[in-house]
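Protein chains in written order, with the numbering used here: chain B, 1185 to 1584; chain C, 200 to 486.
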């Protein structure tokens, strides 16, 4: 998070650069002269064109003519890796060459944009264009061929449906419960681990961190098999929750994920996500706690503060920034929670969430209009977080 | 003498020791239960809970049958290969593109620099769901015709990983000594040379950190693989989701399948834990 830097703040003029050199910043005398070099420019531009053409066609060939590669997946994967990385390097090399051939002043102006262009093109194609298009489709019919009449028909039909509000309510429940509990657990674990010997701290943290590597789908399989599973009455219960319920409390076995009283099933699904994310919270918070200066703790102890007071009045205020960061990260994850709900209940018994409803509208009901309208709702809900992120980033940049 | 103290002189805290032991157990037991169940025969796993096999390992009939069967019946071997072919290029390729962009953001001066970087910060939180309908159309049979192939998924993961990667690398690069770059420039190095010979090698730790995060993310992804890969090209996670959908007859396959899906990310996790932590603490959020 906070990176201590010995470099001049980014965006500031470098001291030794002559003042009259404009925004280039590095107007030192290069090896080449300052004029246009047509030969180099032609080679560079040709190189860009040829390498883009070659890379593009080779990649398309993977998809269109796999028999050229003997239908070998490994060969395609390896070639994809080598050509992807090598091709990108060659592309940037020619790009650099073409722009260096320009007159010096122009070169300094154009080079940054040239380095940004490939990355931003991908972001544009994969993120910006689809966002605009999704908003566009949300005003269109189920096959995205014509606008609906009135334009907001998809939204009004959504807002009129009970399913939507039920999913919305569940999403809010997830938002209210999961980030807060994950962060609190993370803080507790981080504080406790800090009091252990370094070996046991390392080991216990590793165990709690481990679920980070597990996919949502595998985590669902784990919890279904070992904790939430249900067998009919009379048969041995092989999952923990029912075994305890039946053997210790003498109750009939329950199909836990079907019980929507007090949204119990949704809460049980949330437990899986909390189990997965606590390690992440712990790691970030733990490194923040290690950064709390020892002398502030010492001073509080000398003043006679109890450990409890130290925790609330000295440690928490100093790690507050990290707490917020972790909270926001988990919050974003929770807003679009999908996998766990999809594989375990698929929204049955009042467990539906927006992302799962999107998937159903899109692929079961084949209604792209309603599906994209749901995503627009999600986008609108994310805007406040987006604004917060940008403001937070600006604040950090100002402190650099 | 100093029984109540740790080696470094801090007070030993029995409460934290006991609580942490319990928490570590609680966090491990479900995974352990799955692992144990995956090695039990179907009948055995139906007659008693997974804990009884841990408590009494000799009273259990152990078998590798679930694994051989999941490889045969659910095509797991092929899916595992697909997972690798999808994940490795999708992890490495974004780094190349992002690194040049991060270099420009860190070491070059230009107009709209802040605005463009704010675009990066903003698109990091955009949910990937926005992409599905438009890109299914674009990649589908009426567009490029690459849907179902690895290329579609490589492109998607490269695009979605890009903002995060630029962000992580730029944050790291801005901690590198600016003077080194400046003196290379005085010596007449081109930007490409400075990047390739100086900045990229120095930024290796941040690249490894991003790669670890991205690998776990791509390997564990369900949605993109499910929507953009044909059944022959699909990954372990999608196969596992299909097994979860057909419970009842395949409960014993599910446990073995789940464990197969976890092996590789677990290895990556334990081998590269330090990089993973570094990646996460660089303040990255993925939408």
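We put the CB at the ideal spot given by N, CA and C, even for glycine.
Quantities reported herein were computed from a predicted structural model and do not represent experimental measurements.
Return the Cβ separation of residue 1282/B and residue 1228/B in integer angstroms, given the expectation that the two are a contact with Cβ distance under 8 Å. As a position in the first chain, residue 1282/B is number 98, starting the count at 1. As a position in the first chain, residue 1228/B is number 44, starting the count at 1. Indeed, because the Cβ distance is near 3 Å, the residues count as touching under 8 Å.
In this structure, what does DSSP give as the bridge partners for residue 428/C? Walking along the second chain from the start, residue 428/C turns up at place 229. In DSSP, residue 428/C forms a bridge with 347/C.
Go to residue 271/C, then tell me how far its alpha helix (DSSP H) extends in each direction, as first and last residue. Translated into positions along the second chain, residue 271/C becomes position 72. Start and end: 264-272.
Excluding the 5 residues flanking residue 270/C on each side, which residues of the same chain have their C-beta closer than 7 Å to its C-beta? Residue mapping note: residue 270/C aligns to position 71 of the second chain, counting from 1. 276.
Buried or exposed: which applies to residue 1249/B, given that a residue is buried once 16 or more other Cβ atoms fall within 10 Å of its Cβ? Locating residue 1249/B in the first chain gives position 65, where the first residue counts as 1. It is exposed - the Cβ of residue 1249/B has fewer than 16 other Cβ atoms within 10 Å.
Measure the beta-carbon distance from residue 367/C to residue 299/C and round it to whole angstroms, keeping in mind my assumption that it falls under 8 Å. Along the second chain, read from residue 1 onward, the residue named residue 367/C stands at position 168. Along the second chain, read from residue 1 onward, the residue named residue 299/C stands at position 100. Rounded, the Cβ-Cβ distance is 14 Å, inconsistent with contact.
CB contact below 8 Å: residue 476/C versus chain B: Within the second chain, residue 476/C is the residue found at index 277, counting from 1. Yes, because at least one Cβ of chain B sits closer than 8 Å to the Cβ of residue 476/C.
Compute the Euclidean distance between the alpha carbons of residue 372/C and residue 1356/B, then round it to the nearest angstrom. Your numbering for residue 372/C matches position 173 in the second chain. Your numbering for residue 1356/B matches position 172 in the first chain. Straight-line Cα distance between these residues: approximately 38 Å.
Does the beta carbon of residue 1332/B come closer than 8 Å to any beta carbon on chain C? Taking the first chain and counting its residues from 1, one reaches residue 1332/B at position 148. So no, residue 1332/B is outside the interface.
Taking contact to mean 3 or more Cβ pairs, one atom from each stretch, closer than 8 Å, check whether the segment 1314-1328 of chain B and the segment 371-386 of chain C are in contact. The way I'd put it, the segment 1314-1328 of chain B doesn't touch the segment 371-386 of chain C; fewer than three beta-carbon pairs between them come closer than 8 Å.
Pull out every residue of the segment 1517-1530 of chain B whose Cβ sits closer than 7 Å to any Cβ of chain C, in chain order. 1520, 1522, 1523 and 1527
Do the CB positions of residue 1235/B and residue 1268/B come within less than 8 Å of each other? Reading the first chain from its first residue, position 51 is the one you call residue 1235/B. Reading the first chain from its first residue, position 84 is the one you call residue 1268/B. Contact: no.
Within the 8 Å Cβ cut-off, does residue 1410/B reach chain C? Against the first chain, residue 1410/B aligns to sequence position 226. Chain C contact via Cβ: present.
Is residue 357/C close to chain B, meaning its C-beta is less than 8 Å from at least one C-beta of that chain? Sequence index remark: in the second chain, residue 357/C carries index 158 (1-based). Taking Cβ atoms only, chain B reaches closer than 8 Å to residue 357/C, which makes this a yes.
Should residue 369/C and residue 321/C be called a contact, given that it needs their Cβ atoms to be closer than 8 Å? As a working note, residue 369/C is residue 170 in the second chain. As a working note, residue 321/C is residue 122 in the second chain. Contact flag unset, no.
Are the segment 1427-1442 of chain B and the segment 261-269 of chain C in contact at 8 Å, needing three or more beta carbon pairs? no
In chain order, what residues of the same chain have a beta carbon less than 8 Å from the beta carbon of residue 274/C, not counting five sequence neighbours either side? The count along the second chain starts at 1 and reaches residue 274/C at position 75. Cβ within range, chain order: 438.
Tell me which residue opens and which closes the alpha helix (DSSP H) that residue 457/C is part of. Here residue 457/C is taken as the residue at index 258 of the second chain, counted from 1. Taken as a continuous stretch (DSSP letters only), the alpha helix (DSSP H) holding residue 457/C covers 450-470.
Nearest residue (CA-CA) to residue 417/C, options 339/C, 327/C, 480/C and 445/C: For the purposes of this step, residue 417/C is taken as the residue at position 218 of the second chain. Comparing Cα positions, the closest option is 327/C.
Residues of the segment 259-284 of chain C with a CB closer than 9 Å to any CB of chain B: list them in chain order, please. Of all residues in the segment 259-284 of chain C, 277, 280, 281, 283 and 284 have a Cβ within less than 9 Å of some Cβ in chain B.
Residues of its chain near residue 231/C, where Cβ-Cβ distance is below 6 Å and the 5 sequence neighbours each way are ignored: Numbered from its first residue, the second chain carries residue 231/C at position 32. Excluding positions up to five away in sequence, the list is empty.
Chain B contacts from the segment 381-405 of chain C (Cβ-Cβ distance under 7 Å): 381, 384, 385, 387, 389, 390 and 391
Which residues mark the beginning and the end of the alpha helix (DSSP H) in which residue 386/C is found? Position 187 of the second chain, counting from 1, holds the residue named residue 386/C. Run containing residue 386/C: none; DSSP gives neither H nor E here.
Just checking, does the segment 1508-1515 of chain B make contact with the segment 1285-1304 of chain B on the three C-beta pairs under 8 Å criterion? no
Buried or exposed: where does residue 1434/B fall if 16 or more other Cβ atoms within 10 Å of its Cβ makes it buried? In the first chain, the residue the question calls residue 1434/B occupies position 250. With fewer than 16 Cβ atoms within 10 Å of its Cβ, residue 1434/B is classed as exposed.
Where residue 1421/B falls: helix, strand or coil (DSSP): The sequence position of residue 1421/B within the first chain is 237, counting from 1. Coil.
Counting only runs of 4+ residues fully inside the segment 251-324 of chain C, write out the alpha helix (DSSP H) ranges in chain order. 264-272, 275-306 and 312-322
CA nearest to the CA of residue 451/C, picked from 1340/B, 1409/B, 1360/B and 1393/B: Mapped onto the second chain, residue 451/C falls at position 252. Nearest of 1340/B, 1409/B, 1360/B and 1393/B to residue 451/C, Cα basis: 1409/B.
Buried/exposed call for residue 1483/B, threshold 16 Cβ in 10 Å: Numbered from 1 along the first chain, position 299 holds the residue referred to as residue 1483/B. Per the 10 Å Cβ criterion, exposed.
Alpha helix (DSSP H) containing residue 1228/B: first to last residue? Locating residue 1228/B in the first chain gives position 44, where the first residue counts as 1. Start and end: 1222-1248.
If you scan the segment 1455-1498 of chain B from start to end, which runs of the alpha helix (DSSP H) of 4 or more residues do you find wholly inside it? Within the segment 1455-1498 of chain B, the alpha helix (DSSP H) runs of at least 4 residues that lie entirely inside it are, in chain order, 1478-1486 and 1491-1494.
Counting only runs of 4+ residues fully inside the segment 1261-1319 of chain B, write out the alpha helix (DSSP H) ranges in chain order. 1288-1307
Name, going along the chain, the residues of the segment 412-425 of chain C whose beta-carbon falls closer than 7 Å to a beta-carbon of chain B. Only those residues of the segment 412-425 of chain C whose C-beta falls short of 7 Å from the nearest C-beta of chain B are listed: 415, 419, 421 and 422.
Residues of chain B with CB under 7 Å from residue 256/C, in chain order? Taking the first residue of the second chain as position 1, residue 256/C is located at position 57. None at all; the shortest Cβ gap to chain B is about 17 Å.
Integer Cβ distance of residue 1463/B from residue 1416/B, believed to fall under 8 Å: The residue labelled residue 1463/B in the question sits at position 279 within the first chain. The residue labelled residue 1416/B in the question sits at position 232 within the first chain. The Cβ separation is near 36 Å, so there is no contact.
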